[in-house]
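Asks: Next up is a structure, given as structure tokens.
Residue numbers (UniProt numbering), protein chains in the order written: chain A, 1 to 276; chain B, 1 to 289.
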């Protein structure tokens, strides 16, 4: 809004907004702070804020005493693998629906979204037993496929939303100017489609990284990603606040940073362009 | 023009997505429906046909009604907090102040925290009755610390989940606010419309569509809340924080009763479809394709 505000007003709003911002993100800030404390300082009463001896010991401990690297790799493989697989299947579908819409397109899209309404828990038992009989329980392969299926409707929708905004006239203009199909794809379509594909990819990596229902129920040790690794801290013997904080910080940091960069796309992507 | 060929190519390009989703919908769902008519313990097969017995036992299970009520309280509670809180926060963040970019990042951050991390951080570092920050806070004011997860389990879960979803609502509503026509606002102000009437007659109607989207997307995810309960209360004490997903998980993978778990699954699908029916209609109206 372009209305004028006085400096006084602005200072007041600044104070309130910062206060609320810090309050909301406080659990994250506190976790990161705690991850640099010793276990004794972490549970000190009254709480210690900044004046403690900062240590990296918790990070070292989490890395040496547990298989942190393997959980991390599982998270990377599952989230990136399912996203790439999903993109490979969804790009052609979204492409043709955006450029060759039929009277069925809207119904197909609505139906795809409706599969997202099917509660995962409703199909847990057969999926679990099916994977068990195929020997795929606790494998990355199973999780890549399931995560891809879970997110496929969202991938198709997001890509469709982005592709639809590529104006058809541009293609016609390129054709008029004598571009052949190859040049049309390389020089006209791809540059306009890549940002949408990249945003879709980013968002799906975030969704798959944080998904916990299937990872908790279908993995035990081999294919367990960070969501399941962190959940293992809920057992009483895992109750070390500083180490829990270090493990948590390492689990959320990559996605947090990715999320900060993709906040604009997040709105468009998750609302299918309905909110601008 | 080779329309015929183009149509054929289009169908060919859509088919992998359609076939996969169709299979993903039909195979597990069909199997769930089939299992729901079996007396089937995962540990001691074989299974035998029982008709509607599983449904009867599931619906009369002492945990079912509490789980249904908890599910509704969880969904509606979080929706209320995030929508109202999101509108207020969006209005605040839409004002002019120093450091908007950083505050925005601070506010949206919880959305990217994986549910198991957020649940454990809330449980241990905030709600723990001995070492949690809330306990310190209570003691600092001379009050008795509250054991949130055992005395107020459902409220604790609502707080955790609302914390995770408030950023999402705020972000969507803020984006919508930024497209509000400021000239219209100024005109209304010139005409003497007060803050409240400007909010109710201009801002809120402008936000309707984005509120619909927030409610739709959150409902999909909130009906399925699982990890937060799994790592904090495990549904307890008693059934105080058991929702439908957790109840079904408990029946099928903890008590190994695949038949009854499947019957619960079918009921969860029916509930979700009733909700979805209304939501999809609202969205179909609000999204022009």
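Ideal Cβ placement from N, Cα and C applies to all residues, glycine included.
Run through chain A and tell me which residues come within less than 8 Å of residue 107(B), C-beta to C-beta.
Replies: Correct list: 20, 21, 24 and 25.
Asks: Looking at the secondary structure, which residues open and close the alpha helix (DSSP H) in which residue 191(A) lies?
Replies: Run containing residue 191(A): 190 to 210, per the alpha helix (DSSP H) assignment.
Asks: Could you pull out every residue in the same chain whose Cβ sits closer than 8 Å to the Cβ of residue 94(B), ignoring the five residues on either side in sequence?
Replies: Only 174, 177 and 178 meet the Cβ criterion.
Asks: Ordered along the chain, which non-local residues of its own chain (more than five positions away) have a Cβ less than 7 Å from that of residue 80(A)?
Replies: Once the five neighbours on either side are set aside, the close Cβ partners of residue 80(A) are 205.
Asks: Give the secondary structure of residue 191(B) by DSSP, where H, G and I count as helix, E and B as strand, and everything else as coil.
Replies: Reduced to three states, the DSSP call for residue 191(B) is coil.
Asks: Who are the neighbours of residue 10(B) on chain D, taking C-beta pairs under 7 Å?
Replies: This model lacks chain D altogether; the protein chains it does include are A and B.
Asks: Out of 122(A), 31(A), 84(A) and 58(A), which one is the CA nearest neighbour of residue 339(B)?
Replies: Residue coverage of chain B in this structure runs from 1 to 289, which leaves residue 339(B) outside it and unanswerable.
Asks: For the region 223 to 253 of chain A, which residues have a CB atom closer than 8 Å to at least one CB atom of chain B, in sequence order?
Replies: Within the region 223 to 253 of chain A, the residues whose Cβ lies closer than 8 Å to some Cβ of chain B are 226, 227, 228, 230, 231, 233, 234, 239, 241, 244, 245, 248, 251 and 252, listed in chain order.
Asks: How about the region 13 to 29 of chain A and the region 87 to 102 of chain B: do they share at least three Cβ pairs that are nearer than 8 Å?
Replies: With a cut-off of 8 Å, the region 87 to 102 of chain B and the region 13 to 29 of chain A count as touching, because enough Cβ pairs lie within range.
Asks: Can you list, in chain order, the residues of its chain whose CB lies under 7 Å from that of residue 243(A), leaving out five sequence neighbours each side?
Replies: Closer than 7 Å at the Cβ level, and outside the excluded window around residue 243(A), lie 58, 61 and 62.
Asks: Residues of the region 38 to 65 of chain A with a CB closer than 7 Å to any CB of chain B: list them in chain order, please.
Replies: Listed by position along the chain: 43, 45, 46 and 47.
Asks: Beta-carbon within less than 7 Å of residue 174(A)'s beta-carbon, same chain only, minus the 5 sequence neighbours each way: which residues are those?
Replies: So the list reads 184 and 188, once near-sequence residues are dropped.
Asks: Using a Cβ-Cβ cut-off of less than 9 Å, list which residues of the region 79 to 109 of chain B approach chain A; keep chain order.
Replies: For the region 79 to 109 of chain B, which is checked against every Cβ of chain A, the residues closer than 9 Å are 89, 92, 93, 94, 95, 96, 97, 98, 99, 100, 102, 103, 104, 105, 106, 107, 108 and 109.
Asks: Between 256(A), 46(A) and 28(A), which lies nearest to residue 133(B) when the distance is taken from Cα to Cα?
Replies: Residue 46(A) is the option with its Cα nearest to residue 133(B).
Asks: What does residue 249(B) touch in chain A if you count any residue whose Cβ is under 8 Å from its own?
Replies: By Cβ distance, chain A contributes 121, 124 and 217.
Asks: Would you kindly work out how many angstroms separate the C-alpha atoms of residue 128(A) and residue 6(B), rounded to a whole number?
Replies: So the alpha carbons of these two residues sit roughly 41 Å apart.
Asks: Output yes or no for whether 7 Å exceeds the beta carbon distance between residue 47(B) and residue 119(A).
Replies: Against a cut-off of 7 Å, the Cβ pair of residue 119(A) and residue 47(B) comes out as no contact.
Asks: Per DSSP, what kind of secondary structure is residue 111(A) in: helix, strand or coil?
Replies: Helix, per DSSP.
Asks: Need the endpoints of the alpha helix (DSSP H) that residue 70(B) sits in, please.
Replies: It spans 64 to 93 - the alpha helix (DSSP H) in which residue 70(B) sits, taken as one unbroken run.
Asks: What three-state label does DSSP hand residue 38(B) in the structure shown?
Replies: Strand.
Asks: What does residue 255(A) reach in chain B if we use C-beta pairs closer than 7 Å?
Replies: Ordered by position in chain B, the residues that pass the 7 Å Cβ test against residue 255(A) are 112.
Asks: Starting from residue 56(B), follow the alpha helix (DSSP H) in both directions and report where the run begins and ends.
Replies: First-last of the alpha helix (DSSP H) with residue 56(B): 53 to 60.
Asks: Going by alpha carbons, who is nearest to residue 73(B) out of 50(B), 55(B), 39(B) and 159(B)?
Replies: Minimum Cα distance to residue 73(B) is reached at 159(B).
Asks: Tell me, to the nearest whole angstrom, how far the beta carbon of residue 249(B) is from that of residue 226(B); I am working on the premise that it is less than 8 Å.
Replies: The pair is a contact, with the Cβ atoms about 7 Å apart (cut-off 8 Å).
Asks: Which of the three DSSP states is assigned to residue 48(B) in this structure?
Replies: Here residue 48(B) sits in strand by DSSP.
Asks: When the Cα of residue 42(B) is compared with those of 254(B), 76(B) and 115(B), which residue comes out closest?
Replies: Ranking the options by Cα distance to residue 42(B), first place goes to 254(B).
Asks: Along the region 127 to 156 of chain A, what residues have a CB closer than 8 Å to any CB found in chain B?
Replies: Hits within the stretch, in order: 127, 128, 129, 130, 149, 152, 153 and 156.
Asks: Which same chain residues end up closer than 7 Å to residue 333(A) when comparing Cβ atoms and leaving out the 5 residues on each side of it in sequence?
Replies: For residue 333(A) there is no data in the structure shown, the boundaries of chain A being 1 and 276.
Asks: Please compile the residues from chain B whose C-beta is within a distance smaller than 8 Å of the C-beta of residue 70(A).
Replies: Per Cβ cutoff of 8 Å: no residues; residue 70(A) is ~17 Å from chain B at best.
Asks: Residue 53(A) by DSSP, collapsed to three states: which one?
Replies: Correct three-state label for residue 53(A): coil.
Asks: Skipping 5 residues on each side, what residues in its chain have a beta carbon closer than 6 Å to that of residue 153(B)?
Replies: 233, 240 and 241, listed in sequence order.
Asks: Whose Cβ in chain A lies nearer than 9 Å to the Cβ of residue 122(B)?
Replies: By Cβ distance, chain A contributes 27.
Asks: For residue 50(B) and chain A, any beta-carbon pair shorter than 7 Å?
Replies: Cβ-Cβ to chain A under 7 Å: no for residue 50(B).
Asks: Based on Cα-Cα distance, which residue from 38(B), 164(B) and 172(B) lies nearest to residue 28(A)?
Replies: Of the listed residues, the one whose Cα sits closest to residue 28(A) is 164(B).
Asks: With a threshold of 7 Å between beta carbons, is residue 278(B) in contact with chain A?
Replies: No - not a single Cβ of chain A is within 7 Å of the one on residue 278(B).
Asks: Using beta-carbon positions only, say whether residue 158(A) and residue 200(A) come within less than 7 Å of one another.
Replies: A contact, by the Cβ cut-off of 7 Å.
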